[in-house]
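Protein chains in written order, with my numbering: chain A, 16 to 238; chain B, 2 to 224.
Ideal placement from N, C-alpha and C gives every residue a C-beta, glycine not left out.
To start, the structure itself, in structure tokens.
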Amino acid sequence: MEALIDGFFNLKILRESLPYLMQGLWMTLLLCLVAIPLGVAGGLVLALMSTTRSRWLRWSAMVYTDLFRAFPPLVLLLFIAFGLPFLGFKPPPFVAVALAFLLNTSSYYGEVLRAGIESVPGGQDEAARSTGLSRWQSLRLVLLPQAVRNVGPDLVSNTLEVVKLTSIASVVALPELLYAARQVQSVTYNATPVIAAGLIYLLLLWPLVRLLSRFERRAVLIR
Amino acid sequence: MGGLIDTFFNVDVMRQYLPLVLQGMWVTIVLGVTVVLSGLALGFVLAVVRSLRIRPLNLLIVLFADVFRAVPALVILIIIYFALPSIGIRLSGAVSAWLGLSLVLAAFAEEIVWAGILSVPRGQWEAARATGLGVAQCMRLVVLPQALRLTVAPLTNRAIVITKNTALASVLAVGEILYQAQAGYSFSYNPSPLTLGAIAYLLLFVPLVWFGRWVEGRFAWKR
Chain A
16 MEALIDGFFN LKILRESLPY LMQGLWMTLL LCLVAIPLGV AGGLVLALMS TTRSRWLRWS
76 AMVYTDLFRA FPPLVLLLFI AFGLPFLGFK PPPFVAVALA FLLNTSSYYG EVLRAGIESV
136 PGGQDEAARS TGLSRWQSLR LVLLPQAVRN VGPDLVSNTL EVVKLTSIAS VVALPELLYA
196 ARQVQSVTYN ATPVIAAGLI YLLLLWPLVR LLSRFERRAV LIR
Chain B
2 MGGLIDTFFN VDVMRQYLPL VLQGMWVTIV LGVTVVLSGL ALGFVLAVVR SLRIRPLNLL
62 IVLFADVFRA VPALVILIII YFALPSIGIR LSGAVSAWLG LSLVLAAFAE EIVWAGILSV
122 PRGQWEAARA TGLGVAQCMR LVVLPQALRL TVAPLTNRAI VITKNTALAS VLAVGEILYQ
182 AQAGYSFSYN PSPLTLGAIA YLLLFVPLVW FGRWVEGRFA WKR
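Have a look at this one:
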């Protein structure tokens with residue numbers, strides 16, 4: 016028991032490592048602030064492409080989606096971080112991570128948003144267009160609000176995954192939460208910082224996880 | 002263009018590292034299959050236990066599911082591999098990766114199966130019990146067959162996502178595809194082994210992504 020407290024919940028080490036962890040947390044949040052909007056924007060483009068009438072656009076959106084859903088994100092990230100320098104461009108870690116997240120998460124958001132747009136009955140668009148709204152206005156004011164509402168739980172679940180995924184940035188030495196924790200761990204020879212990082216993720220994401228469980232239960236009760 | 006091919010598709014380098022990447026593919030497959038089997042089994046058992054509604058047990062199950070859904074998989078793997086030794090529990094990289102990913106999959110599977118069980122109307126239980134079936138029979142013959150149909154699609158997709166996470170095991174020096182590709186890259190200082198790794202992942206996962214798509218169409222959650 017004493018070994019457990021000393022090795023995992025060492026208050027002295029926790030106090031020393033907290034400033035570094037907070038710096039890491041800040042970087043994690045910054046990364047989310049960049050990665051989530053990029054992923055949603057990319058996903059929206061993909062969703063619009065795959066709901067158009069042009070077969071060519073639909074097909075290329077599907078190839079893109081399947082390709083990047085098949086790649087483990089860590090593989091993509093390392094490929095970008097190690098491969099790009101050979102093309103004469105050495106991206107800073109943050110740029111490499113942002114690029115990998117854009118490519119990876121947009122394919123997931125794209126699938127979710129496509130399902131959302133397809134769930135809105137066709138009559139909605141026709142009615143909106145016949146009242147004189149332009150195609151773009153109908154999309155923005157009529158279709159997307161309903162689409163987003165219909166797939167709300169999936170969007171939340173996807174966003175949860177993106178936030179958790181930012182931890183892989185530690186592998187390319189971007190100083191986010193997990194990286195900071197591992198640095199302090201290797202200096203102190205104590206696991207407390209890593210445990211603390213895990214707890215910080217838990218505190219940060221627990222509300223989202225609870226929200227998801229609630230959504231699930233409600234989806235069941237409606238049926 | 003010749004330079005590009007020489008850099009990313011260098012035949013000599015690829016030939017040299019192909020055996021290692023193939024070996025890595027085998028490790029990825031074994032790790033993925035064992036994680037899916039044990040993760041789904043544990044999640045399934047937890048959901049069935051939860052439906053017995055024993056209060057203290059249910060609190061523990063919900064806590065487990067919440068923690069392992071909220072904390073990033075990479076953080077869990079690192080805690081198991083790098084932190085547990087400090088309290089005397091020493092697991093190999095492969096076992097740590099198997100254990101960590103299985104627990105994450107179990108947490109998600111539990112929530113999905115539980116939602117499926119909840120979706121079976123109460124009347125089904127009551128009617129089955131009224132005809133004289135015991136609790137276990139009622140679960141096995143009436144509730145689970147109806148509940149599981151709904152869970153097939155989400156479980157398949159979640160299992161695919163988790164199998165892709167086997168790439169995270171490279172951080173624990175498990176010799177799966179990414180680890181071998183990275184090792185090849187750093188020995189040869191040429192990204193061709195990474196290309197080879199990427200191709201290996203596509204070969205394994207594009208069919209899985211397609212399979213997931215097919216299952217989704219076949220067993221859609223009908224709202």
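- CA-CA distance, residue 168 (chain B) to residue 146 (chain A), rounds to 52 Å.
- For residue 123 (chain A), the uninterrupted alpha helix (DSSP H) segment begins and ends at 108–134.
- The beta carbon of residue 210 (chain A) lies closer than 8 Å to those of 23 and 24 in the same chain, with the five residues before and after it left out.
- Cβ contact annotation for residue 22 (chain B) (same chain, cutoff 8 Å, sequence separation greater than five): 178, 181, 182, 185, 194, 197, 198 and 201, in chain order.
- Sorting B:161, B:190, B:175 and B:92 by C-alpha distance to the C-alpha of residue 213 (chain B) places B:161 at the top.
- Taken through DSSP and simplified to helix, strand or coil, residue 219 (chain B) comes out as helix.
- Using a CB distance cut-off of 8 Å, residue 89 (chain B) counts as an interface residue toward chain A.
- Excluding residues up to 5 positions away in sequence, 220 lie with their Cβ nearer than 7 Å to the Cβ of residue 150 (chain B) in the same chain.
- Distance from residue 36 (chain B) to residue 164 (chain B) at the Cβ level is roughly 7 Å; contact confirmed, criterion being Cβ atoms closer than 8 Å.
- Here the alpha carbon of residue 78 (chain B) sits roughly 43 Å from the alpha carbon of residue 129 (chain B).
- Among the residues of the region 58–71 of chain B, those with a Cβ less than 7 Å away from any Cβ of chain A are 67, 68, 70 and 71, in the order of the chain.
- The beta carbon of residue 158 (chain B) sits closer than 6 Å to those of 213, all from its chain and outside the five residues before and after it, given in chain order.
- Listed along chain A are 193, 197 and 209, each with a C-beta nearer than 8 Å to that of residue 79 (chain B).
- Distance from the Cα of residue 212 (chain A) is smallest, within the candidate group A:43, A:120, A:19 and A:107, for A:43.
- In the three-state DSSP reduction, residue 188 (chain A) falls in the coil class, being neither helix nor strand.
- Closest option to residue 72 (chain B), judged by alpha-carbon separation, among A:95, A:166, A:177 and A:198: A:177.
- Closer than 7 Å at the C-beta level to chain A, one finds these residues of the region 180–201 of chain B: 183, 186, 192, 195, 198 and 199.
- Scanning A:104, A:84, A:74 and A:112 for the CA closest to the CA of residue 92 (chain A) turns up A:112.
- Of all C-beta pairs linking the region 128–136 of chain A to the region 161–168 of chain A, three or more are shorter than 8 Å, placing the two stretches in contact.
- Around the CB of residue 218 (chain B), fewer than 16 other CB atoms lie within 10 Å, so the residue is classed as exposed.
- Residues of chain B with a Cβ closer than 7 Å to the Cβ of residue 94 (chain A) are, in chain order, 195 and 199.
- Under a criterion of Cβ atoms nearer than 7 Å, the residues of chain A adjacent to residue 168 (chain B) are, in order, 87, 89 and 90.
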